[in-house]
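**Student:** This is the structure I want to talk about, given as structure tokens.
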Amino acid sequence: MSPKSARRKRPSFKRTVHAHSPTAAEEIVALDALVNASGMHSEHFDVHYHEGKWSAFAKHDGLHLAEVFTNIEEDKSNQFTIHCDPHALNHLDGRLDDIEPDPELMARKPLDGLKVYVLMESQFVPQEIDLYEHRFAQYGATVELVSHLWGTKSLCFHSHYDQGLIPKIRHAVVHIDISEVDINSSETAAVIAPIDVHQRLLYDPNIVASKDPVKAARSAPAVDLMKRALEQPKVVVGAFGHGVELLSPLTDLIKDAAITASPGSLCALCNAGAQWSPPENPDEWATHVVKQISTKHHKNLNLITGTSVLSGGVQAFVDEMTRFIIEIR
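Written out as structure tokens, the structure is:
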């Protein structure tokens, strides 16, 4: 585990909201930004405001958790754009070992102006999401968290729990619905299915009454997004760990595609027609990454799969994905 860090910069962002006043708009956005920066549900911290700085303090011990600096612009009547600059002040308990980013990629920032969309749902692994946001930003990209919001403006998701890796349940607020992702935009570089969010994202209401649940699952918004991304030749599709199961309904697309995954998900993908590509050295399975540009059935799938959040697995996945994005562009 890495040592405690006094301050960790989180990606800056802007968000447009409708509200009855500038103060109300700023409060809405700042509160959600404090949740994402601290990883704690808003019920568990108090908010202090002073001259454009919003601070979160834990209710149980007064620990200073996060700060968000805001600027506001009024676009038109009752519509405001809020610019946020968030900082996490408490270390992420159970954080993974830090592995230095690629210095060449950091210097070049080859993903400047591009977006990476990360699918979110409850049971996410906070260290994995933190690494996507931080490491891709170091290489120039903007990371956007997206989910199926079921007609709401936002949803707050909770993390997975693990006594060693994730000793405190974390929270994250998502504002972007999957339907808002423009997969054909020149800015869209990649879509990622993280390690533990697949089960809820595979759900579609039509499955229960369907005679063909695999076909019905293809209508799930997240599965459909992955399908459209696999069919877009300028977009890299990443599936990490158990997240590869989000590909399992797409049997036509992944047939004979080389993949890796968390061991517990290999059966599902192989049964769906994919082919496991094991590491040459079993001791290096955690950092094992597999790229599949095309198969004999489909060109330009641009699929990349990773194995484990442990021992630098996420960092290896991000670095290889960054090189993959450069390669296909």
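Residue 822 in our numbering sits at position 68 of the sequence shown, with consecutive numbering throughout.
All C-beta atoms, glycine included, are put in the ideal place defined by N, C-alpha and C.
1. Going by DSSP, name the residue or residues bridged to C910.
2. How long is the line joining the alpha carbons of A963 and L956, rounded to whole angstroms?
3. Shortest alpha-carbon distance to L843 belongs to which of V989, L1007, Q1046 and V822?
4. Are there 16 or more other CB atoms within 10 angstroms of the CB of A778, so buried, or fewer, so exposed?
5. Using 8 Å as the threshold, is the region 1040-1056 in touch with the region 968-979, meaning 3 or more CB pairs across them?
6. In its own chain, which residues sit with a C-beta less than 7 Å from the C-beta of L865, not counting the 5 before and 5 after it?
7. Comparing the C-beta of Q917 with each C-beta of chain D, is any distance below 9 Å?
8. Go to T777, then tell me how far its alpha helix (DSSP H) extends in each direction, as first and last residue.
9. If I measure Cβ to Cβ from P757 and keep anything under 6 Å in the same chain, skipping five residues before and after, which residues do I get?
10. Are there 16 or more other CB atoms within 10 angstroms of the CB of D966, so buried, or fewer, so exposed?
11. Provide the residue(s) that pair with D839 in DSSP beta bridges, ordered along the chain.
12. List in chain order: all unbroken alpha helix (DSSP H) runs of 4+ residues lying wholly within the region 852-922.
13. Under the three-state reduction of DSSP, which class applies to V989: helix, strand or coil?
14. From V927, V900 and G918, pick the residue whose C-alpha is nearest to that of H912; which is it?
15. When DSSP labels each residue in this structure, what does V801 get in the three-state scheme?
16. Restricting to Cα atoms, I'd like to know which of H952, F994, S1016 and D1073 is closest to P1003.
17. Taking only the alpha-carbon atoms, compute the straight-line gap between V870 and H914 and give it to the nearest angstrom.
18. Could you please give me the residues that DSSP links to H818 through a beta bridge?
19. H772 to V783, Cα distance in whole Å?
20. Span of the beta strand (DSSP E) holding L1057?
21. State the beta-bridge partners of K1045 as determined by DSSP.
22. Going by CA-CA distance only, name the one from A1012, I946, A1026 and P959 that's closest to F1071.
**Tutor:** Let's see:
1. Here residue 910 corresponds to residue number 156 of the sequence shown, with the count starting at 1. Its beta-bridge partners are V927.
2. As a first step, residue 963 is located in the sequence shown; it is residue number 209 there, counting from the start. As a first step, residue 956 is located in the sequence shown; it is residue number 202 there, counting from the start. Straight-line Cα distance between these residues: approximately 15 Å.
3. For this step, residue 843 is matched to residue 89 along the sequence shown. The option with the nearest alpha carbon to L843 is V822.
4. The residue given as residue 778 occupies position 24 in the sequence shown. The residue is exposed, with fewer than 16 neighbouring Cβ atoms inside 10 Å.
5. no
6. Here the question's residue 865 lines up with position 111 in the sequence shown. So the list reads F890, Y893, G894, A895, A943, T1076 and I1079, once near-sequence residues are dropped.
7. Reference to chain D is not applicable here, since this structure consists of a single protein chain.
8. Taking the first residue of the sequence shown as position 1, residue 777 is located at position 23. It spans P776 to S792 - the alpha helix (DSSP H) in which T777 sits, taken as one unbroken run.
9. Here residue 757 is taken as the residue at index 3 of the sequence shown, counted from 1. Only weak support exists for where P757 lies, its pLDDT of 42 falling under 50; the value from the coordinates is given anyway. Taken in chain order, the list of residues that qualify is empty.
10. Locating residue 966 in the sequence shown gives position 212, counting from the first residue. Label assigned to D966: exposed.
11. Walking along the sequence shown from the start, residue 839 turns up at place 85. Paired residue(s): F823.
12. 857-862 and 880-892
13. Within the sequence shown, the letter at position 235 stands for residue 989. Reduced to three states, the DSSP call for V989 is coil.
14. Here residue 912 refers to the residue found at position 158 when the sequence shown is read from its first residue. Nearest C-alpha to H912: V927.
15. The residue labelled residue 801 in the question sits at position 47 within the sequence shown. In the structure shown, V801 sits in a strand (DSSP, three-state: E or B).
16. For the purposes of this step, residue 1003 is taken as the residue at position 249 of the sequence shown. The option with the nearest alpha carbon to P1003 is H952.
17. Within the sequence shown, numbered from 1, the residue matching residue 870 stands at position 116. Within the sequence shown, numbered from 1, the residue matching residue 914 stands at position 160. Approximately 22 Å between the Cα atoms of the pair.
18. Residue mapping note: residue 818 aligns to position 64 of the sequence shown, counting from 1. Paired residues: F811.
19. Residue 772 sits at position 18 when you count from the first residue of the sequence shown. Residue 783 sits at position 29 when you count from the first residue of the sequence shown. Going by the C-alpha atoms only, they are around 11 Å apart.
20. Here residue 1057 refers to the residue found at position 303 when the sequence shown is read from its first residue. Its beta strand (DSSP E) spans residues L1057 to G1060.
21. By one-based count along the sequence shown, residue 1045 stands at place 291. In DSSP, K1045 forms a bridge with I1058.
22. Reading the sequence shown from its first residue, position 317 is the one you call residue 1071. Nearest C-alpha to F1071: I946.
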